[in-house]
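Asks: Residue numbers (the UniProt record's numbering): 1 to 610. All residues carry an ideal CB built from backbone N, CA and C; glycine is no exception.
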Amino acid sequence: KGLRSPQESVHDLSPIESSRIPTKEDLRELREEPTDPQAQQEIINSIEEVYFSNDSFDIVKYELERLPPVLSLQELEEYRDKLKQQQAAVSKKVADLILEKQPAYVQELERVTSLQTGLQLAAVICTNGRRHLNIAKEGFTQTSLGLLADQRKRQLLIGLLKSLRTIKTLQRTDVRLSEMLEEEDYPGAIQLCLECQKAASTFKHYSCISELNSKLQDTLEQIEEQLDVALSKICKNFDISHYTKVQQAYRLLGKTQTAMDQLHMHFTQAIHNTVFQVVLGYVELCAGNTDTKFQKLQYKELCTHITSDSYIPCLADLCKALWEVMLSYYRTMQWHENHDQDEAAAVSSDGSNVIGTEENSFDRSYVKKKLEHGLSRIWQDVQLKVKTYLLGTDLSNFKYDDFIFVLDVISRLMQVGEEFCGSKSEVLQESIRKQSVNYFKTYHRTRLEELRMFLENETWELCPVKSSFSILQLHEFKFMEQSRSPSVSPSKQPASAISTTVTLFEQYCNGGNPFEIQADSKDDETEDVLASNGYESDEQEKSAYQEYDSDSDVPEELKRDYVDEQTGDAPVKSISRETLRSRKRSDYNLNKVNAPILTNTTLNVIRLVG
């Protein structure tokens, strides 16, 4: 209906409200009347509080209820005049306030009008905007933005497909890992497993990957177990390519130091298992049954079951097996020395990664110290095992050449120990000294009995020997002949003279065994190629006899197989008793003029002195 002035708005009030608000005439009268502000304020203050209550208060009812029971016209008029004065004072106050606020009211009215105009303009703009939006929706959103949405969806699906292919590859990884483990490609298997774990962590938001991740962890642990088994194989048969793969694998795992600790445990275990299996094999072979009670015995108890016949072959095999273990350790140290030199050369040419270089240097230092410390530890284990075997059997009843062979094997083993770690092998020396003292006591007693028998049965006849006979031709004095002769054949020289600079480990690094020669020599000694005599006439026999070395003049009872303790050389073979008797008859007359005066007892005493 439009905006109106306050005076025009008064006509829209209710009758009661219009009675409260003065009319134009009243306002004019009020403005024209001289007023005293203080008097008017006192009149306003005299108004009862009830008149200032809310709009729901009924003034007419209130005034009617206040009328006294007996009405007096004069009192009513006076009371009415009082109310009119109060009303006039209030109207005057309201009129003054209205006039005071008139400029602000006009200004606010103008603002409201301007706001109304702006709202109408905004409504028009909104209407036009909605119309244009509908046009854009029909012509652009549903087509162009639809294409963009499809493209985005396509990109997401391509990414999903790539992820699914990766997951499929990860699921098939276990087959490839099994193949690589069968091929003993441990570094490749670990590298693949670590890459798969890294990829699995990228796709861990898929439920199937969490299962795969735990499976890969189990596979990695399985690889470590197989790697430990592969490391244990190094102890008996060192292979450079195999060991290189194992070390690379442990480096990928970051467990180089752990690998070295495990390797020493395996070497210790290999020594124990090797000697036990060798001795157990001979014990079961000699027992001749399939009884498994020996397998439950301790190694010390097992050594007491070795028979005299199998003692020396078992000792030789025992030393062969222990040599293989020590050679593997020696070659392991060689591998690390060469590897450290190669790494040091590579670092000097390219020193970019300082942190990695320091870590590798620490690992190399740890490995070197561990290997050097392990030398004496492993040799100590070897000594204790051989000592147990040596003292497990009484050697006092062995043949002389058998006991000498045992001494020679132990001497060679002590030489190995000195080259291995610079040890003087006190444990082996003490154990072989005990056996030697025990053997000498028995041997001395037996030889005295034999000498007594020789003396009691001596016929005091000349022993038929050549005129060129010398005690140096006896086996017991052969060491003196070799020490005096400046031109000894290489085959007769001691092993130390052949190679003064080449150690046993360098000599047998690529094959062979220093204890195989001893065993072969012992086997050859048991043969007696001269056991029979096939000569038909004394002349042939005499001719053949003269072609023999003067050692052949020694009677049979004085001939015994013998191995030189210092050189390890095999002796010239014994000659049969029948051959010697026939030669004694045929050669006696031949040499009796120039031959030394000797008896069998004399030769026996000389041999015993030797």
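Measuring only the C-alpha atoms, how far is Tyr508 from Ser328?
Replies: Translated into positions along the sequence shown, residue 508 becomes position 508. Translated into positions along the sequence shown, residue 328 becomes position 328. Cα to Cα, the separation comes out at about 11 Å.
Asks: Relative to the C-alpha of Asp340, which residue among Leu315, Asp317, Pro313 and Lys368 is closest?
Replies: The residue given as residue 340 occupies position 340 in the sequence shown. Comparing Cα positions, the closest option is Lys368.
Asks: What does a CB cutoff of less than 6 Å around Gly417 pick up in its chain, not counting 5 residues either side in sequence?
Replies: What you label residue 417 is simply residue 417 of the sequence shown in a count that begins at 1. So the qualifying residues of the chain are Trp379, Ser423 and Ser425.
Asks: What is the rounded straight-line gap between the Cα of His266 and the Cα of Tyr366?
Replies: In the sequence shown, counting from the first residue as 1, residue 266 sits at position 266. In the sequence shown, counting from the first residue as 1, residue 366 sits at position 366. Roughly 18 Å separates the two Cα atoms.
Asks: Looking at C-alpha atoms only, which residue of Leu391, Thr173 and Asp185 is the closest neighbour of Ala199?
Replies: Working through the sequence shown from its first residue, we reach residue 199 at position 199. Answer by Cα proximity: Thr173.
Asks: Assign Tyr282 to one of two classes, buried (16 or more other C-beta atoms within 10 Å of its C-beta) or exposed (fewer than that).
Replies: The sequence position of residue 282 within the sequence shown is 282, counting from 1. Result: buried.
Asks: Could you give the residue range of the alpha helix (DSSP H) that holds Arg130?
Replies: Start at 1 with the first residue of the sequence shown, and residue 130 comes out as number 130. Note, Arg130: alpha helix (DSSP H), Leu73 to Ala136.
Asks: When the Cα atoms are used, what is the spatial distance from Asn457 to Gln429?
Replies: The residue given as residue 457 occupies position 457 in the sequence shown. The residue given as residue 429 occupies position 429 in the sequence shown. Straight-line Cα distance between these residues: approximately 40 Å.
Asks: May I have the straight-line CA-CA distance separating Gln74 from Leu99, to the nearest angstrom?
Replies: Indexing the sequence shown from 1 puts residue 74 at position 74. Indexing the sequence shown from 1 puts residue 99 at position 99. Approximately 37 Å, taken between the alpha carbons.
Asks: Does the Cβ of Cys196 have 16 or more other Cβ atoms within 10 Å, making it buried, or fewer, making it exposed?
Replies: Indexing the sequence shown from 1 puts residue 196 at position 196. Buried is the call here.
Asks: Just to confirm, is the Cβ distance from Ala270 to Phe515 under 8 Å?
Replies: Walking along the sequence shown from the start, residue 270 turns up at place 270. Walking along the sequence shown from the start, residue 515 turns up at place 515. Not a contact, by the Cβ cut-off of 8 Å.
Asks: Would DSSP call Pro37 helix, strand or coil?
Replies: The residue given as residue 37 occupies position 37 in the sequence shown. In this structure, Pro37 counts as helix in the three-state DSSP scheme.
Asks: Which of the three DSSP states is assigned to Cys208 in this structure?
Replies: Translated into positions along the sequence shown, residue 208 becomes position 208. Here Cys208 sits in helix by DSSP.
Asks: Please determine, among Lys168, Thr219 and Cys208, the residue with the shortest C-alpha to C-alpha distance to Ser178.
Replies: The residue labelled residue 178 in the question sits at position 178 within the sequence shown. Nearest option by C-alpha distance: Thr219.
Asks: What would DSSP say about Pro313, mapped onto helix, strand or coil?
Replies: The sequence position of residue 313 within the sequence shown is 313, counting from 1. Helix.
Asks: For Cys509, which of helix, strand or coil comes out of DSSP?
Replies: In the sequence shown, counting from the first residue as 1, residue 509 sits at position 509. Cys509 falls in the coil class under three-state DSSP.
Asks: Look at Phe294 and Leu285 and say whether their C-beta atoms are less than 8 Å apart.
Replies: As a working note, residue 294 is residue 294 in the sequence shown. As a working note, residue 285 is residue 285 in the sequence shown. No. Outside cutoff.
Asks: Which of the three DSSP states is assigned to Lys466 in this structure?
Replies: Locating residue 466 in the sequence shown gives position 466, where the first residue counts as 1. If DSSP states are grouped into helix, strand and coil, Lys466 belongs with coil.
Asks: Within its chain, find whatever has a CB closer than 6 Å to the CB of Met326; leave out the 5 residues flanking it on each side and keep chain order.
Replies: If you number the sequence shown from 1, residue 326 lands on position 326. Cβ within range, chain order: Phe420.
Asks: Over the uninterrupted alpha helix (DSSP H) stretch that includes residue 656, give me the two end residues.
Replies: No answer is possible for residue 656: it lies beyond the span of the chain, which begins at 1 and ends at 610.
Asks: Taking one C-beta from the region 368-377 and one from the region 393-402 each time, how about it: are there three or more such pairs within less than 8 Å?
Replies: These segments do not touch.
Asks: Measuring straight from C-alpha to C-alpha, what distance separates Gln415 and His336?
Replies: For the purposes of this step, residue 415 is taken as the residue at position 415 of the sequence shown. For the purposes of this step, residue 336 is taken as the residue at position 336 of the sequence shown. Using only the alpha carbons, I get a separation of about 24 Å.
Asks: Does the ligand SAH have even one heavy atom less than 7 Å from the beta-carbon of Ile190?
Replies: Annotation note on the ligand SAH: not contained in the displayed structure, which lists no ligands.
Asks: Using CA atoms only, rank isn't needed, just tell me which of Leu451, Thr459, Tyr250 and Leu67 is closest to Val609.
Replies: Within the sequence shown, residue 609 is the residue found at index 609, counting from 1. When only C-alpha atoms are compared, the closest one is Leu451.
Asks: Pop quiz: Thr307 and Phe454 are said to be a contact at Cβ under 8 Å. What is the actual Cβ separation, rounded to whole angstroms?
Replies: Here residue 307 refers to the residue found at position 307 of the sequence shown. Here residue 454 refers to the residue found at position 454 of the sequence shown. Thr307 to Phe454, Cβ: 31 Å. No contact.
Asks: Helix, strand or coil for Ser53 per DSSP?
Replies: Counted from its first residue, the sequence shown places residue 53 at position 53. In this structure, Ser53 counts as coil in the three-state DSSP scheme.
Asks: May I ask you to report which of helix, strand or coil DSSP gives Lys573?
Replies: For the purposes of this step, residue 573 is taken as the residue at position 573 of the sequence shown. Caution applies to Lys573, whose pLDDT of 41 falls short of 50 and renders its modelled position unreliable; the model cannot decide the point.
Asks: Taking the alpha carbon of Trp460 as the reference point, which residue from Gly392, Ser468, Ile597 and Tyr439 has its own alpha carbon closest?
Replies: Mapped onto the sequence shown, residue 460 falls at position 460. Nearest of Gly392, Ser468, Ile597 and Tyr439 to Trp460, Cα basis: Ile597.
Asks: Helix or strand or just coil, what does DSSP make of Arg364?
Replies: Your numbering for residue 364 matches position 364 in the sequence shown. The answer is helix: DSSP assigns Arg364 an H, G or I state.
Asks: Using the Cα positions of Lys255 and Val278, report the straight-line distance between them to the nearest angstrom.
Replies: As a position in the sequence shown, residue 255 is number 255, starting the count at 1. As a position in the sequence shown, residue 278 is number 278, starting the count at 1. Distance between the alpha carbons of Lys255 and Val278: 34 Å.
Asks: Going by CA-CA distance only, name the one from Tyr243, Ser232, His305 and Pro187 that's closest to Thr274.
Replies: The count along the sequence shown starts at 1 and reaches residue 274 at position 274. Measuring from the Cα of Thr274, the nearest candidate turns out to be Ser232.
Asks: Helix, strand or coil for Val70? Go by DSSP, reduced to three states.
Replies: Counting from one through the sequence shown, the residue named residue 70 turns up at place 70. It is coil, neither helix nor strand.
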